[in-house]
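Peer 1:
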Amino acid sequence: MNPIDQALVWLNDPLNWTNPGGILDRLGEHLVISAAAVAIGCLVAWPIGLWLGHTGRGGALVVLISNLTLAIPTIALLTILPLTFLGFGKPPVIIALAVFAVPPLLANAYTGVRQVDPEARDAARGMGLSAGQLLRRVELPLAVPYLAAGFRTATVQVVATAALASFVNGGGLGQIISAGFGLGISVGGGQILAGGVLIALLALLVEVILAGVERLVTPRPLRRTRVTARADRRAADAVAGR
Numbered sequence: 001m002n003p004i005d006q007a008l009v010w011l012n013d014p015l016n017w018t019n020p021g022g023i024l025d026r027l028g029e030h031l032v033i034s035a036a037a038v039a040i041g042c043l044v045a046w047p048i049g050l051w052l053g054h055t056g057r058g059g060a061l062v063v064l065i066s067n068l069t070l071a072i073p074t075i076a077l078l079t080i081l082p083l084t085f086l087g088f089g090k091p092p093v094i095i096a097l098a099v100f101a102v103p104p105l106l107a108n109a110y111t112g113v114r115q116v117d118p119e120a121r122d123a124a125r126g127m128g129l130s131a132g133q134l135l136r137r138v139e140l141p142l143a144v145p146y147l148a149a150g151f152r153t154a155t156v157q158v159v160a161t162a163a164l165a166s167f168v169n170g171g172g173l174g175q176i177i178s179a180g181f182g183l184g185i186s187v188g189g190g191q192i193l194a195g196g197v198l199i200a201l202l203a204l205l206v207e208v209i210l211a212g213v214e215r216l217v218t219p220r221p222l223r224r225t226r227v228t229a230r231a232d233r234r235a236a237d238a239v240a241g242r
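The opening residue of the sequence shown carries number 1 in full-length UniProt numbering; numbering runs sequentially from there.
If you want it as structure tokens, here you go:
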């Protein structure tokens with residue numbers, strides 16, 4: 001029996017879904033880990049990005065922080081953090097994934113505020129709004145589509161990367177793959193393939209759902225602008241290709 005047939009058989013076994021440590025349990029762990037990591041990333045990145053965007057300063061700092069966090073491999077953090085007071089399990093996984101989520105959240109928050117029309121800022125100041133009121137009532141609402149785009153990118157990345165949690169006994173769908181390797185390729189090949197397919201499908205599902213959410217929070221004129229921009233880029237690429 002080839003690995004594809006083994007994977008189908010493994011996925012069609014109800015016990016692999018409902019038993020303790022089965023797919024449903026691992027799926028729940030995966031979602032909890034991912035949600036916690038993205039939430040921490042939002043709590044850290046959004047306030048910094050929004051404030052730096054509001055002040056108009058710190059663009060270089062945003063780039064520096066994003067580059068530093070991207071330069072640190074997640075697997076390296078998963079190796080180092082369990083040796084600290086965090087120990088093994090979910091805490092080091094959540095912290096490592098939160099670091100991984102920061103760059104898109106931070107960059108999109110900063111860009112969203114900087115893209116606000118200067119005339120809208122001037123009008124708000126003319127009405128007597130303070131700096132804090134300007135950020136809360138004008139800049140933040142207009143930056144929501146960018147925040148949603150950063151949230152979507154960060155969440156999909158975290159969901160896909162959370163499979164590495166199995167390296168430090170952190171749970172998640174990666175444990176299915178790890179257990180399959182423990183059985184050997186000849187016996188557990190189907191389980192390994194099934195685990196990979198489940199993680200890929202989950203990431204795709206999250207992408208589709210959050211793409212819909214992003215579209216809902218993006219005003220219609222801005223949607224048309226983005227579609228036109230993409231069409232112009234495709235046309236320019238086609239001309240360059242000739």
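No residue lacks a Cβ here, since even glycine has one placed at the ideal position from N, Cα and C.
How far does the alpha helix (DSSP H) with residue 214 in it reach, from first residue to last?
Peer 2: Counted from its first residue, the sequence shown places residue 214 at position 214. Where residue 214 is concerned, the enclosing alpha helix (DSSP H) stretches over 185-217.
Peer 1: Evaluate the contact criterion for the segment 95-106 versus the segment 194-204: three or more CB pairs, one atom per stretch, below 8 Å.
Peer 2: They do not touch, by the three-pair rule.
Peer 1: Would you mind working out which of 76, 79, 73 and 45 sits nearest residue 63, comparing C-alpha positions?
Peer 2: Counting from one through the sequence shown, the residue named residue 63 turns up at place 63. The shortest C-alpha separation from residue 63 is found at 45.
Peer 1: Can you look up residue 57 in the DSSP assignment and give me helix, strand or coil?
Peer 2: For the purposes of this step, residue 57 is taken as the residue at position 57 of the sequence shown. Three-state result, residue 57: coil.
Peer 1: Counting pairs of beta carbons, one from the segment 146-160 and one from the segment 110-126, are three or more of them closer than 8 Å?
Peer 2: They touch, by the three-pair rule.
Peer 1: For residue 28, is the classification buried or exposed, using 16 other Cβ atoms within 10 angstroms of its Cβ as the cut-off for buried?
Peer 2: Residue 28 sits at position 28 when you count from the first residue of the sequence shown. Looking at its Cβ environment, which holds fewer than 16 other Cβ atoms inside 10 Å, residue 28 is exposed.
Peer 1: Identify whether residue 173 lies in helix, strand or coil by the three-state DSSP scheme.
Peer 2: For the purposes of this step, residue 173 is taken as the residue at position 173 of the sequence shown. In this structure, residue 173 counts as coil in the three-state DSSP scheme.
Peer 1: Cβ-heavy atom distance between residue 215 and the ligand MN below 7 Å?
Peer 2: The ligand content of the structure shown is nil, which means the ligand MN is not present either.
Peer 1: By a C-beta neighbour count over all protein chains shown, 10 Å radius and 16 as the cutoff for buried, is residue 130 buried or exposed?
Peer 2: If you number the sequence shown from 1, residue 130 lands on position 130. Label assigned to residue 130: exposed.
Peer 1: Within 10 Å of its beta-carbon, does residue 151 have 16 or more other beta-carbons around it, so buried, or fewer, so exposed?
Peer 2: Translated into positions along the sequence shown, residue 151 becomes position 151. With 16 or more Cβ atoms within 10 Å of its Cβ, residue 151 is classed as buried.
Peer 1: Enumerated in chain order, which unbroken segments of the alpha helix (DSSP H) with a length of 4 residues or greater are wholly contained in the segment 22-82?
Peer 2: List check, alpha helix (DSSP H) in window: 23-55, 59-71 and 74-80.
Peer 1: For residue 203, I'd like the list of residues in its chain whose CB is within less than 7 Å of its CB, leaving aside the five on either flank, ordered along the chain.
Peer 2: Locating residue 203 in the sequence shown gives position 203, where the first residue counts as 1. 156, 159 and 160, listed in sequence order.
Peer 1: Return the residue from the list 215, 205, 171 and 210 that minimises the CA-CA distance to residue 20.
Peer 2: Counting from one through the sequence shown, the residue named residue 20 turns up at place 20. The candidate whose alpha carbon is nearest that of residue 20 is 171.
Peer 1: Given a threshold of 16 other Cβ atoms within 10 Å of its Cβ, counted over all protein chains shown, does residue 213 qualify as buried or as exposed?
Peer 2: Locating residue 213 in the sequence shown gives position 213, where the first residue counts as 1. Flag for residue 213 reads exposed.
Peer 1: Mark residue 139 as exposed unless 16 or more other C-beta atoms lie within 10 angstroms of its C-beta, in which case mark it buried.
Peer 2: Within the sequence shown, numbered from 1, the residue matching residue 139 stands at position 139. By the neighbour-count rule (16 or more Cβ atoms within 10 Å), residue 139 is buried.
Peer 1: Let's see if you can read the secondary structure: which residues bound the alpha helix (DSSP H) around residue 87?
Peer 2: Translated into positions along the sequence shown, residue 87 becomes position 87. Element bounds for residue 87: n/a, residue is neither H nor E.
Peer 1: Look up residue 5 in the DSSP assignment and say whether it is helix, strand or coil.
Peer 2: As a position in the sequence shown, residue 5 is number 5, starting the count at 1. Residue 5: helix per DSSP, three-state reduction.
Peer 1: Under the rule that 16 or more other beta-carbon atoms within 10 Å means buried, what is residue 14, buried or exposed?
Peer 2: In the sequence shown, residue 14 corresponds to position 14, counting from 1. The residue is exposed, with fewer than 16 neighbouring Cβ atoms inside 10 Å.
Peer 1: Would residue 116 and residue 83 be called neighbours here (beta carbons separated by less than 8 Å)?
Peer 2: Locating residue 116 in the sequence shown gives position 116, where the first residue counts as 1. Locating residue 83 in the sequence shown gives position 83, where the first residue counts as 1. For residue 116 and residue 83, no; Cβs fall outside 8 Å.
Peer 1: Report the three-state DSSP secondary structure of residue 166 (helix, strand or coil).
Peer 2: Start at 1 with the first residue of the sequence shown, and residue 166 comes out as number 166. Three-state DSSP puts residue 166 in a helix.
Peer 1: Quick one: is residue 128 near chain C, going by C-beta distance under 8 Å?
Peer 2: Protein chains in the displayed structure number just one, and chain C is not present.
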